[in-house]
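Colleague: First the structure, then my questions, so here it is.
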Amino acid sequence: MREFSLPALYEVPADGNLTDLVRRNAARYPDLAVMARKDPRDPARWVDVSATEFLAEVEAAAKGLVAAGVAAGDRVALMSRTRYEWTLLDFAIWCAGAVTVPVYETSSPEQTAWILGDSGAVAVLVESPEHAKAVEALRDRLPELRDVWTIDDGAVGELTERGTAAGVTEGALAERGAATRADSPATIVYTSGTTGRPKGCVLTHRAFFAECGNIVERLKPLFRPGEGSVLLFLPTAHVFGRMVQNAAVMAPIRLGLVSDIKTLTDELASFRPTIVLGVPRVFEKVYNSARAKAEADGKGKIFDKAAATAIAYSEALEAPGGPSLGLRLKHKVFDRLVYAKLRAVLGGRATHAISGGAPLGARLGHFYRGIGFTVLEGYGLTESCAATAFNPWDRQKIGTVGQPLPGSVVRIADDGEVMLHGDHLFSGYWNNESATAEVLSEGWFHTGDIGTLDEDGYLSITGRKKEILVTAGGKNVAPAVIEDRIRAHALVAECMVVGDGRPYVAALVTLDEEFLPRWAEEHGKSGLGHQDLLADPELLAAVQQAVDDGNAAVSRAESIRRFRILPAQFTEESGHITPSLKLKRNVVAKDFAHEIEALYT
Numbered sequence: 001m002r003e004f005s006l007p008a009l010y011e012v013p014a015d016g017n018l019t020d021l022v023r024r025n026a027a028r029y030p031d032l033a034v035m036a037r038k039d040p041r042d043p044a045r046w047v048d049v050s051a052t053e054f055l056a057e058v059e060a061a062a063k064g065l066v067a068a069g070v071a072a073g074d075r076v077a078l079m080s081r082t083r084y085e086w087t088l089l090d091f092a093i094w095c096a097g098a099v100t101v102p103v104y105e106t107s108s109p110e111q112t113a114w115i116l117g118d119s120g121a122v123a124v125l126v127e128s129p130e131h132a133k134a135v136e137a138l139r140d141r142l143p144e145l146r147d148v149w150t151i152d153d154g155a156v157g158e159l160t161e162r163g164t165a166a167g168v169t170e171g172a173l174a175e176r177g178a179a180t181r182a183d184s185p186a187t188i189v190y191t192s193g194t195t196g197r198p199k200g201c202v203l204t205h206r207a208f209f210a211e212c213g214n215i216v217e218r219l220k221p222l223f224r225p226g227e228g229s230v231l232l233f234l235p236t237a238h239v240f241g242r243m244v245q246n247a248a249v250m251a252p253i254r255l256g257l258v259s260d261i262k263t264l265t266d267e268l269a270s271f272r273p274t275i276v277l278g279v280p281r282v283f284e285k286v287y288n289s290a291r292a293k294a295e296a297d298g299k300g301k302i303f304d305k306a307a308a309t310a311i312a313y314s315e316a317l318e319a320p321g322g323p324s325l326g327l328r329l330k331h332k333v334f335d336r337l338v339y340a341k342l343r344a345v346l347g348g349r350a351t352h353a354i355s356g357g358a359p360l361g362a363r364l365g366h367f368y369r370g371i372g373f374t375v376l377e378g379y380g381l382t383e384s385c386a387a388t389a390f391n392p393w394d395r396q397k398i399g400t401v402g403q404p405l406p407g408s409v410v411r412i413a414d415d416g417e418v419m420l421h422g423d424h425l426f427s428g429y430w431n432n433e434s435a436t437a438e439v440l441s442e443g444w445f446h447t448g449d450i451g452t453l454d455e456d457g458y459l460s461i462t463g464r465k466k467e468i469l470v471t472a473g474g475k476n477v478a479p480a481v482i483e484d485r486i487r488a489h490a491l492v493a494e495c496m497v498v499g500d501g502r503p504y505v506a507a508l509v510t511l512d513e514e515f516l517p518r519w520a521e522e523h524g525k526s527g528l529g530h531q532d533l534l535a536d537p538e539l540l541a542a543v544q545q546a547v548d549d550g551n552a553a554v555s556r557a558e559s560i561r562r563f564r565i566l567p568a569q570f571t572e573e574s575g576h577i578t579p580s581l582k583l584k585r586n587v588v589a590k591d592f593a594h595e596i597e598a599l600y601t
């Protein structure tokens, strides 16, 4: 057993709640732009919202919730894409003393009914009339639900008018605030449900204070009030997006929110954040798109040399003496030719990004650091209020997920399981004592992840206990290592390793639907039908190369002997990935049982 901890850098207030941050910002930085929202008349234009204006909007909406009969401790659901109103209403719910229950706007009727019913939500704020109709259709299954408000139909204005008409006072909000303490529930975030029904993680105001306070302090140069800004495009219904929201308010730095990642490069160019938050797939897409564009412009070889130089330069930063003179000169040339353009795609101002949700991989980590855009990898779960470990800005170790959150402890059990302790942990699963008892014991949370700690306390995650495969020959295989390497290839969207109880390891592969047509055009195969393209020998050879790259990271017994390309990508709509982009392995295994069987016949 091994453990590592760092002292806390932030003291959690004993009697405070998250709305105190909004009031503090208005008192300390009244004219500072703490938010930015899209101009409804010109979606390309951002309109700043000052700390004073944001507090006024939050309190006005909170008064409307109080007037509607929302009591302290009541659960209010929020079903919407990432947008300014999400954050506004989240803080308004807290200001009214209630508990926010996020619901993904893509949730099925069954998922929505379960979350609203299990949480006992008395009201729900939805984004669109379509969402409202979907919730209304569930009324007979939700006896505690009273009100449904629609953001696109003016929910914020309606609540503001309702509070004014009812004469709800500042004193009434102050009473709600005084009754909401650090250990009061702030939110119930339902897990994505890779297996079984989602469980509601109860996260307190204390958990968010401990999480965000220590992150802001440890990454202080990235969270400078009046200088820093972050563009949030991750789902605010997910705990990672929520952590980003609350950390931005705590700092405070300017926060912009957008919902459509298809236009992400345009949004980054217009908002120009100083920090970028994302998941590995976003950083992979930026790299692959840049390489594809270079290839189309006849500059593919130059890009590849620039990428190799960036990686070599980053790796040399960790070696005695650092990069050689020749490498520094090559790096300087490519900075003018290639790297500056890539940084411009990411907004042009950001020097750092924070990545979570899945492993980034050493290759991309070195590439981005080599171009002057350091991606700090972290690790966490819903139960740990997002990041429980992250790389510090000044002592990054690429290939690890960093050191523990200050004020918390990471322990590696004898069987390799990662265990956590600290104020940032959830208090339990809502209405589910048995599930809570399975993972929480004497203040320690059993994550179910397998990992190691090095001599400096840097954590590496090698897999999930439940996902460890044992081949017929008795070899233990952690899928994550090889899957991450294979997914790094531009052609590959997803890879799922199989082989439990089988004679060898194999894999199901899906191809990136954006990159595949480009590949086909570059290789003179645009005229092929989809099925013919998937069976094309040259394409199969390209995917085999990706598999070979993955195999290079593991032993022969763990390497993939055969693979099968599936006809379409895994999507949330197909039921194969969660809204946070995690693979539902059991669903994939069931739906593609025939294809898996074919790998062994």
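Using full-length UniProt numbering, read the sequence shown as starting at 1 and increasing by one per residue. The beta-carbon is built from N, C-alpha and C at its ideal position, and this holds for glycine as well.
(1) Relative to the alpha-carbon of Arg464, which residue among Glu483, Gly473, Tyr458 has its alpha-carbon at the smallest distance?
(2) Should the region 62-75 be called in touch with the region 202-215, which here means at least 3 C-beta pairs below 8 Å?
(3) Name the residue from Glu417, Lys590, Ala506, Glu295 whose alpha carbon lies nearest to the alpha carbon of Glu558.
(4) Going by the DSSP bridge assignment, what does His421 pair with across the sheet?
(5) Give every residue of the same chain whose Cβ lies closer than 7 Å to the Cβ of Asp147, excluding the five residues on either side of it in the sequence, and list them in chain order.
(6) I need the boundaries of the alpha helix (DSSP H) containing Glu377, first residue and last residue.
(7) Can you name the start and end residues of the beta strand (DSSP E) that Thr462 belongs to?
(8) How many whole angstroms separate the CB atoms of Glu284 and Ala488, which I take to be in contact at a CB cut-off of 8 Å?
(9) Whole angstroms is fine: what's the gap from Leu65's alpha carbon to Val47's?
(10) Look at the alpha carbon of Arg467 and the alpha carbon of Lys582, and state the distance between them as a whole number of angstroms.
(11) Closer than 6 Å by C-beta to residue 604: which residues in its own chain qualify, once you throw out the five before and the five after it? Chain order, please.
(12) In three-state terms, what does DSSP make of Glu227?
(13) Should Glu11 be labelled buried (16 or more other beta-carbon atoms within 10 Å of its own) or exposed?
(14) Suppose you measure from the CA of Val156 to the CA of Phe592; what does that come to, to the nearest Å?
(15) Counting Cβ pairs, one atom from each stretch, are 3 or more of them under 8 Å apart for the region 346-358 and the region 415-435?
(16) Decide if Asn476 is buried, meaning its Cβ has at least 16 other Cβ atoms within 10 Å, or exposed.
(17) With burial defined as no fewer than 16 other Cβ atoms inside 10 Å of the residue's Cβ, what is the status of His530: buried or exposed?
(18) Is there contact between the region 425-432 and the region 14-22, where contact requires at least three CB pairs shorter than 8 Å?
(19) How should Gln545 be labelled, buried or exposed, when 16 other C-beta atoms within 10 angstroms of its C-beta is the threshold for buried?
(20) Alpha carbon to alpha carbon, how far is Ala247 from Gly457? Give it in angstroms, no decimals.
(21) Below 8 Å on the Cβ atoms is my contact criterion, and I expect Val543 with Leu491 to pass it. Report the Cβ-Cβ distance as a whole number of Å.
(22) Hey, which unbroken runs of the beta strand (DSSP E) at 3 residues or more fall wholly within the region 483-549?
(23) If I follow the unbroken alpha helix (DSSP H) through Glu105, where does it start and stop?
(24) Just verifying my parser: in three-state terms, what is the DSSP assignment at Glu175?
(25) Does the region 231-248 come within contact of the region 54-64, defined as at least 3 CB pairs closer than 8 Å?
(26) Where does Thr194 fall in DSSP's three states?
(27) Does the count of Cβ pairs from the region 131-146 and the region 155-170 closer than 8 Å reach three?
(28) According to DSSP, which residues form a beta bridge with Pro404?
(29) Quick one: using the 10 Å Cβ neighbour count with 16 as the cut-off for buried, is Tyr600 buried or exposed?
(30) Note down, in chain order, each residue of its chain lying with its Cβ closer than 6 Å to the Cβ of Leu257, except the 5 sequence neighbours on either side.
(31) With respect to the alpha helix (DSSP H) encompassing Asp559, which residues constitute its N-terminal and C-terminal limits?
(32) What's the C-alpha gap between Ala174 and Ser184?
(33) Report the start-end ranges of each alpha helix (DSSP H) in the region 14-86 that is 4 residues or longer and not cut off at the edges.
(34) Rounding to the nearest angstrom, what Cα-Cα distance links Pro579 and Leu528 in this structure?
(35) Let me check understanding here. Comparing Cα to Cα, which of Asp394, Glu438, Gly402 lies closest to Ile461?
Modeller: Per the coordinate set shown:
(1) Glu483
(2) no
(3) When only C-alpha atoms are compared, the closest one is Ala506.
(4) Val409
(5) Ala68, Ala123
(6) Per DSSP, Glu377 lies in no alpha helix (DSSP H); the unbroken beta strand (DSSP E) holding it starts and ends at 374-381.
(7) 459-464
(8) 7 Å
(9) Per the coordinates, the alpha-carbon of Leu65 lies some 26 Å from the alpha-carbon of Val47.
(10) A quick correction: the sequence has Glu, not Arg, at residue 467. So the two alpha carbons sit approximately 13 Å from each other.
(11) Only positions 1 to 601 of the chain appear in the structure, and residue 604 is not among them; the question remains open.
(12) Of the three classes helix, strand and coil, the one that applies to Glu227 here is coil, per DSSP.
(13) exposed
(14) 45 Å
(15) These segments do not touch.
(16) exposed
(17) exposed
(18) no
(19) Per the 10 Å Cβ criterion, exposed.
(20) 24 Å
(21) 6 Å
(22) 492-498, 505-511
(23) Run containing Glu105: none; DSSP gives neither H nor E here.
(24) helix
(25) no
(26) Because Thr194 sits at a pLDDT of 49, beneath the cut-off of 50, its placement in the model cannot be relied upon, and the following sentence gives the value as read from the coordinates. DSSP, reduced to helix, strand and coil, places Thr194 outside both helices and strands of the structure shown, so it counts as coil.
(27) no
(28) Beta-bridge analysis with DSSP links Pro404 to Ala389.
(29) exposed
(30) Around Leu257: Thr82, Arg83, Tyr84, Leu232.
(31) In the sequence as presented, Asp is not what sits at residue 559; that position holds Ser. In the DSSP annotation of this structure, Ser559 is not part of any alpha helix (DSSP H), being labelled neither H nor E.
(32) The alpha-carbon atoms of Ala174 and Ser184 are separated by roughly 16 Å.
(33) 19-28, 51-67
(34) 33 Å
(35) For the residues Asp394, Glu438, Gly402, the minimum Cα distance to Ile461 belongs to Gly402.
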